[in-house]
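Undergrad: Taken in order, these protein sequences are the chains called A and B. Residues 1 to 147 (my numbering) make up the first sequence, in order. Residues 148 to 327 (my numbering) make up the second sequence, in order. This is the structure I want to talk about, given as structure tokens.
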Amino acid sequence: MTETERVVINGLQGGFPICERPFLEAAEKLGLGEEELIGVIEGLLDQGLLSRFGPLYHAERLGGALSLAAMKVPEAEFDAIAERVNAFPEVAHNYARDHALNMWFVLATETVERHRAVLREIEAATGLNVYDMPKITEYFVGLHFVV
Amino acid sequence: MATVNDPREDPRLARLLEAIQSGLPLTPRPYAELGERVGLSEGEVVDTVSRWVREGLIKRLGVVVRHRPLGYRANAMVVWDVPDDRVGDIGRRMSAHEFVTLCYRRPRRGEDWPYNLFCMIHGRDRHSVNAQIELLAEACGLTDTPRAVLFSSRCFKQRGARYLAEVPSGDTRSGRMRPA
């Protein structure tokens, strides 16, 4: 990673300006040129270091539901179950974790009703109980990955 | 333009939300380009996106990093069984630590899952994450509190969540996005 890329990642995890020339304004704060900043962001996307350049939504305020769910999956069936779970477009990420509850995934749905329906559908597709753990309160963190 | 807060009540705003959710156009005047796509002026897009940020519908705007390729390879979900009447205080204290990247109160789920406070720690390796967990337990007075540390061993699927279904529009070009 170049020094300029480092500056952009550390300096632009939020607060991108909303004005006519936002790249120009952001670039000036970072000590870069407008075209240079655009080029660096393109490069970071091409390298797969960013998933995107843009907004991080607050799902619940959009009327959607976002929940963390877990299952106890027999080790021998893990890959087959993961495939069935991941086939649902509402499953945003899925991690194997070392615990009796060993599969953890995030469900993002447009409505609370759809959330409940997807939980039932996943249980039907896998034959396993889904432990649904929607957030009750979020404690603010300044998500910031320093590189 | 009419000030409509809910994108679902105005198809142009719904299209705008859809247009930016995969990324902003990488051009000098991205809001003008977005406006052209969805039928709004540059000023209307600027006003609308500003309001979404102010009202918290957009939590932040900028680079959305993929932590693994950036060297954050150890990812632990640390869960604690703290008294319900103290969870708010403890959660706020916990989330103030720089290495805590997410912190939530969630429901307990019976004997299988007695934990009600979840935090996520992303670190370069398990050794450093374990050290951070000890530090966190000390700082929050939780050294004797039941906890579990769940490192992720594999990631099967990671993508930016998409919250809105496709909205019909004259132009379905979206911003740049890398498939995860």
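Every residue gets a Cβ at the ideal spot worked out from N, C-alpha and C, and that includes glycine.
Given B/Leu-217, which residues of its chain have a CB within under 6 Å of its CB, disregarding the five upstream and five downstream residues?
TA: Here the set comprises nothing.
Undergrad: Of the choices B/Ser-275, B/Pro-254, B/Leu-164, whose alpha-carbon is the least far from that of B/Ala-234?
TA: With the sequence shown as reference, residue 234 of chain B is identified as Val, and Ala is not the correct amino acid for it. Among B/Ser-275, B/Pro-254, B/Leu-164, the Cα nearest to that of B/Val-234 belongs to B/Pro-254.
Undergrad: Could you please give me the residues that DSSP links to B/Gly-209 through a beta bridge?
TA: According to DSSP, which records beta bridges pairwise, B/Gly-209 is partnered with A/Gly-54.
Undergrad: Determine whether the beta carbon atoms of B/Met-267 and B/Val-296 lie at a separation below 9 Å.
TA: The answer is no: Cβ separation not under 9 Å.
Undergrad: Could you check what DSSP says for A/Leu-30 in three-state terms: helix, strand or coil?
TA: Looking at A/Leu-30 - three-state DSSP - the assignment turns out to be helix.
Undergrad: Could you tell me which chain B residues have their CB closer than 8 Å to the CB of A/Leu-50, listed as they occur along the chain?
TA: Neighbours of A/Leu-50 on chain B, chain order: Val-210, Val-211, Val-212, Arg-213, Arg-325.
Undergrad: With DSSP as the reference, label B/Ala-236 as helix, strand or coil.
TA: Here residue 236 of chain B turns out to be Asp, not Ala, going by the sequence shown. DSSP places B/Asp-236 in helix when its eight states are reduced to three.
Undergrad: Could you tell me which chain A residues have their CB closer than 7 Å to the CB of B/Trp-260, listed as they occur along the chain?
TA: Residues of chain A passing the Cβ test: Leu-101, Tyr-131.
Undergrad: Could you work out which residue in A/Lys-72, A/Gly-39, A/Glu-28 is closest to B/Thr-174 when comparing CA atoms only?
TA: With distances taken between Cα atoms, B/Thr-174 lies closest to A/Gly-39.
Undergrad: Taking three-plus beta-carbon pairs below 8 Å as touching, is the segment 221 to 234 of chain B in contact with the segment 268 to 275 of chain B?
TA: Contact holds: three or more Cβ-Cβ distances are below 8 Å.
Undergrad: At which residues does the alpha helix (DSSP H) containing B/Gly-124 begin and terminate?
TA: In the structure as shown, chain B starts at 148 and stops at 327, and residue 124 of chain B therefore has no counterpart that could be examined.
Undergrad: Mind listing the chain A neighbours of B/Thr-290? Cutoff is C-beta to C-beta under 9 Å, in chain order.
TA: Those within 9 Å of B/Thr-290 in chain A number zero; the least Cβ separation is about 20 Å.
Undergrad: Work out the CA separation of A/Val-112 and B/Ala-179 for me, nearest whole Å.
TA: Approximately 34 Å, taken between the alpha carbons.
Undergrad: Since B/Val-211 and A/Leu-44 are thought to touch, with beta carbons under 8 Å apart, how far apart are those beta carbons, to the nearest angstrom?
TA: The pair is not a contact, with the Cβ atoms about 10 Å apart (cut-off 8 Å).
Undergrad: When you compare each of B/Gln-279, B/Gly-238, B/Asn-263 to A/Tyr-139 by their alpha carbons, which one comes out closest?
TA: Of B/Gln-279, B/Gly-238, B/Asn-263, the residue nearest in Cα terms is B/Gly-238.
Undergrad: Tell me the residue span of the alpha helix (DSSP H) that contains B/Glu-190.
TA: Just to set this straight, residue 190 of chain B is Gly in the shown sequence, not Glu. B/Gly-190 -> alpha helix (DSSP H) spans 189 to 201.
Undergrad: Kindly say whether A/Val-141, judged by its beta-carbon, lies nearer than 9 Å to any beta-carbon of chain B.
TA: Taking Cβ atoms only, chain B reaches closer than 9 Å to A/Val-141, which makes this a yes.
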